[in-house]
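Here is the structure we will look at, set down as structure tokens.
There are 2 protein chains.
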Amino acid sequence: MESRHLRYALALAEHQHFGRAAAALGIAQPPLSQQISALERELGARLFDRTARGVFPTAAGEAFLARARRALAEMSAAVSDAGRAARGETGRLRLGFIGSALLELLPSVLGTFIRDRPEVRLGLQEMSTRRSTAALLAGELDLAIGRGAPRGAGAEDLVSVTVGRDHLVAVVGAAHPFAGQAKVSLEQLKGQHLIVAPAEEEPAVAAWLAGLLGEGADVPERAGGVTEAWDAHTIIGLASCGVGVGLGPACLRVAARPGVQVCEVSPRVELPELVMSFRAQDRSPVLAAFLDITRERCPGVAERLERRLGAR
Amino acid sequence: MESRHLRYALALAEHQHFGRAAAALGIAQPPLSQQISALERELGARLFDRTARGVFPTAAGEAFLARARRALAEMSAAVSDAGRAARGETGRLRLGFIGSALLELLPSVLGTFIRDRPEVRLGLQEMSTRRSTAALLAGELDLAIGRGAPRGAGAEDLVSVTVGRDHLVAVVGAAHPFAGQAKVSLEQLKGQHLIVAPAEEEPAVAAWLAGLLGEGADVPERAGGVTEAWDAHTIIGLASCGVGVGLGPACLRVAARPGVQVCEVSPRVELPELVMSFRAQDRSPVLAAFLDITRERCPGVAERLERRLGAR
DNA sequence: GCCACCGATATCCTCAGGATATCGACTCGG
DNA sequence: CCGAGTCGATATCCTGAGGATATCGGTGGC
Chain L
644 MESRHLRYAL
654 ALAEHQHFGR
664 AAAALGIAQP
674 PLSQQISALE
684 RELGARLFDR
694 TARGVFPTAA
704 GEAFLARARR
714 ALAEMSAAVS
724 DAGRAARGET
734 GRLRLGFIGS
744 ALLELLPSVL
754 GTFIRDRPEV
764 RLGLQEMSTR
774 RSTAALLAGE
784 LDLAIGRGAP
794 RGAGAEDLVS
804 VTVGRDHLVA
814 VVGAAHPFAG
824 QAKVSLEQLK
834 GQHLIVAPAE
844 EEPAVAAWLA
854 GLLGEGADVP
864 ERAGGVTEAW
874 DAHTIIGLAS
884 CGVGVGLGPA
894 CLRVAARPGV
904 QVCEVSPRVE
914 LPELVMSFRA
924 QDRSPVLAAF
934 LDITRERCPG
944 VAERLERRLG
954 AR
Chain W
644 MESRHLRYAL
654 ALAEHQHFGR
664 AAAALGIAQP
674 PLSQQISALE
684 RELGARLFDR
694 TARGVFPTAA
704 GEAFLARARR
714 ALAEMSAAVS
724 DAGRAARGET
734 GRLRLGFIGS
744 ALLELLPSVL
754 GTFIRDRPEV
764 RLGLQEMSTR
774 RSTAALLAGE
784 LDLAIGRGAP
794 RGAGAEDLVS
804 VTVGRDHLVA
814 VVGAAHPFAG
824 QAKVSLEQLK
834 GQHLIVAPAE
844 EEPAVAAWLA
854 GLLGEGADVP
864 ERAGGVTEAW
874 DAHTIIGLAS
884 CGVGVGLGPA
894 CLRVAARPGV
904 QVCEVSPRVE
914 LPELVMSFRA
924 QDRSPVLAAF
934 LDITRERCPG
944 VAERLERRLG
954 AR
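Here you go:
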């Protein structure tokens, strides 16, 4: 039995007339008679009573037609669901990101994405760059936003593109000696207890910081000790209560609150870029849609992305 | 798109391998490749990722497959539902009957029917012979049980068969003069106030009663007045409280209760037969199943039914 | 009783679906 | 680094199911 038989039976039930049903189906009357009678033979049951006043379904016909309607509805739903999924209108996107992405980049991109694709299920999880890279490779995430391009085993399976740049700022509590200054120098920082991202979790930031504060040496040795904080709000919170000098991207200003002051670091120092990564072989249309929006929202991302995607 | 495409896509998703899926479908591999790719072309979306490790559905494929499974389930349900309806295992039977049918005939037939066809929805309604005949002709009933074969307009569209015979008995209250007698004669009845079925509703009974008690004359004129009661329990109830002499079929004994006495009428008088009727053109398998059971349960019905059905 | 309508049947034809053979890409082991 | 093996895609041919046309048979209405 093919779905054709269902369509024919439904048309016949609707028109109660072989000739008109056939015309509506765009075929001649004899083939319709044949197909209906073949269907009845296959089912071993008469589906229609042919009377002088018209063609009417039997009890078996009614039962059959009810199911046939649902079957055809499922089929057309299959087509439209597949289309919507292919266009990225439905589906799922699991996104892992570092906290600072939530300060500037994500609010704008996510807002647009959620408005454009209301039926996509978004999974959002703040996590360190190391964890998001691992989760991406393990297939637990579809997209990761971190600092610095992923390196190490499996990194060649990922495509990464820079989506933001920040320079370094220092965050201090109101009682801190730096509080009055608009700027602090690198030399001044070297003696301070620093609040920074955890070295193992943010390898790019750690390596960069080590190079900045003391070539080749561990950060704690050159600074007055280090406290590791996993996210922007913790850095600010710790700085505000005088634990030390928080170091982070300039976008920390967005999260600043009364009782803390954000100082520029002089000379101006660029942090490792904010990088968006995904699996090179991932053809998910939802991912593509997200990348499209990122392209529109982040100047310069478009060209860099094209260059990398061309290689796929 | 045909249901074949759904079957092929599901097989491919199951085996994750074109060759094995094709083998499972009983076709060669190239046609499967062609059909899948035709389906993808029609949908405008790739449904499967062909990788070195196997064939896996894309997001669009997953969406499509979920619907496809349901569509095919509906189709196979359509087949089985139609079959069951055709065999009379599901469906509906609307039965109208006079109260006395409930005393002997229906309990046995209905018990078997409900056990054999638990999924058939039974519509049972006690009603007069006149009403059940009209409802049958109007298509509001599928089967009617009454006294005497239906006559009048439309009766030629019905098939009727005798399913039971009864002789006349009289029912009196304990205080009635007849109460001590085992038998009453027709002569004795003539002077009594009678409780009988309503003349307009039970034409066969009324005509028969008129003939019996006084040729050509109305029953009330020859008897001591008449009370019309629509059902057996009312006849017995009225008789028990001394309203008069209830007349009805011998099966009334089944419903007799303390305080009433059932007397044979002498000489023995046969009542109009209990008759089962249905539309001659009704091919409902549920009806056929009910008739089958009646055939088994009621000796003699089988041959009479065959004779009448042969004419259809 | 004749005609008009409608579904069934007969006959032919076309093309879609399937089979066979082969290709091209990729993997893996020596 | 290369050859064998695997797997999906492609090329080509063939068959039969589905469809078209013509006609039949039955039924109801005028």
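Quick note, the sequences are listed as chains L and W, same order. Going by the working numbering, the letters in the first sequence line up with residues 644 to 955, in that order. Going by the working numbering, the letters in the second sequence line up with residues 644 to 955, in that order. C-beta atoms are modelled at their ideal positions from N, C-alpha and C, and glycine is treated no differently.
* In the DSSP assignment, find the unbroken beta strand (DSSP E) run with residue 822(W) in it and report its ends. => It is not in any beta strand (DSSP E) - residue 822(W) carries neither H nor E in the DSSP assignment.
* Check: residue 803(L) C-beta below 7 Å from any heavy atom of the ligand NAP -> As presented, the structure is devoid of all ligands, the ligand NAP included, so that no description of it is given.
* To do: Under 9 Å between beta-carbons, which chain L residues line up against residue 722(W)? List them in chain order, please.
  => 644, 685, 686, 707, 710
* Can residue 837(W) and residue 887(W) be called in contact, C-beta distance under 8 Å? -> yes
* Going along the chain, which residues of its own chain have a beta-carbon closer than 6 Å to the beta-carbon of residue 940(W), five neighbours each way excluded? -> So the qualifying residues of the chain are 751, 752.
* Proximal chain L residues relative to residue 928(W), where beta-carbon distance stays under 8 Å -> 702, 703
* To do: Output yes if chain W places a C-beta closer than 8 Å to the C-beta of residue 714(L); else output no.
  => yes
* What is the DSSP secondary structure of residue 832(W), counted as helix, strand or coil? -> Correct three-state label for residue 832(W): helix.
* Asked: DSSP state of residue 868(W), grouped into three classes?
  -> coil
* Contact with chain W by residue 693(L), beta-carbon distance below 8 Å -> no
* Whole-angstrom C-beta distance between residue 908(W) and residue 813(W), which should lie under 8 Å -> 6 Å
* **Rounded straight-line distance, which links the Cα of residue 690(W) to that of residue 839(L)** => 46 Å
* Ignore the nearest five residues each way along the sequence and tell me which others in residue 755(W)'s own chain have a CB closer than 6 Å to its CB. => 936
* **Residues near residue 729(W) in its chain [Cβ-Cβ closer than 7 Å; skip 5 each side]** => 928
* **Close Cβ partners of residue 780(L) (< 6 Å) along its chain, the five nearest in sequence each way excluded** => 797
* Interface residues of chain W around residue 718(L) at Cβ under 8 Å? -> 644, 646, 649, 710, 711, 714
* Asked: Under the three-state reduction of DSSP, which class applies to residue 759(W): helix, strand or coil?
  -> helix
* **Whole-Å CB distance - residue 717(L) paired with residue 714(W), under 8 Å assumed** => 4 Å
* To do: Measure from the C-beta of residue 860(L) to each C-beta in chain W and report whether the shortest distance is under 8 Å.
  => Note on residue 860(L): pLDDT 48, under 50, position unreliable in the model; no value is reported.
* Nearest to residue 746(W) (by Cα), restricted to the options 758(W), 874(W), 671(W), 721(W) -> 874(W)
* Distance, Cα to Cα, residue 807(W) vs residue 770(W)? -> 18 Å
* Cβ-based neighbour list, residue 882(L), same chain, cut-off 7 Å, excluding 5 preceding and 5 following -> 814, 815, 816, 838, 888, 889, 903
* Between the CA atoms of residue 757(W) and residue 893(W) - distance to the nearest angstrom -> When only Cα atoms are considered, residue 893(W) and residue 757(W) end up about 27 Å apart.
* Secondary structure at residue 943(L), three-state DSSP: helix, strand or coil? -> coil
* To do: Name, going along the chain, the residues of the stretch 728 to 742 of chain W whose beta-carbon falls closer than 9 Å to a beta-carbon of chain L.
  => 728, 729, 730, 731, 733, 734, 735
* **For residue 770(L), the three-state DSSP class (helix, strand or coil)** => Residue state, collapsed to three classes: coil.
* To do: Report yes or no: do the stretch 819 to 838 of chain W and the stretch 913 to 927 of chain W share at least 3 C-beta pairs separated by less than 8 Å?
  => Touching, no.
* To do: Measure from the C-beta of residue 725(W) to each C-beta in chain L and report whether the shortest distance is under 8 Å.
  => Residue 725(W) counts as touching chain L.
* To do: Using 10 angstroms around the beta-carbon of residue 828(W), count the other beta-carbons present and answer buried if the total reaches 16, otherwise exposed.
  => exposed
* Bounding residues of the alpha helix (DSSP H) (the contiguous stretch that carries residue 877(W)) -> 875 to 883
* Taking just the CA atoms, how far does residue 664(W) sit from residue 654(W)? -> Near 5 Å, if we compare the C-alpha coordinates of residue 664(W) and residue 654(W).
* Beta carbon of residue 930(L), beta carbon of residue 736(L): below 8 Å? -> yes
* To do: Output yes or no for whether 8 Å exceeds the beta carbon distance between residue 710(L) and residue 721(W).
  => yes
* **Nearest candidate by alpha-carbon position, reference residue 854(W), set 915(W), 778(W), 701(W)** => Of the listed residues, the one whose Cα sits closest to residue 854(W) is 915(W).
* Which bits of chain W does residue 690(L) rub up against, with CB to CB less than 9 Å? -> 725, 729
* Are the beta-carbon atoms belonging to residue 844(L) and residue 773(L) less than 8 Å from one another? -> yes
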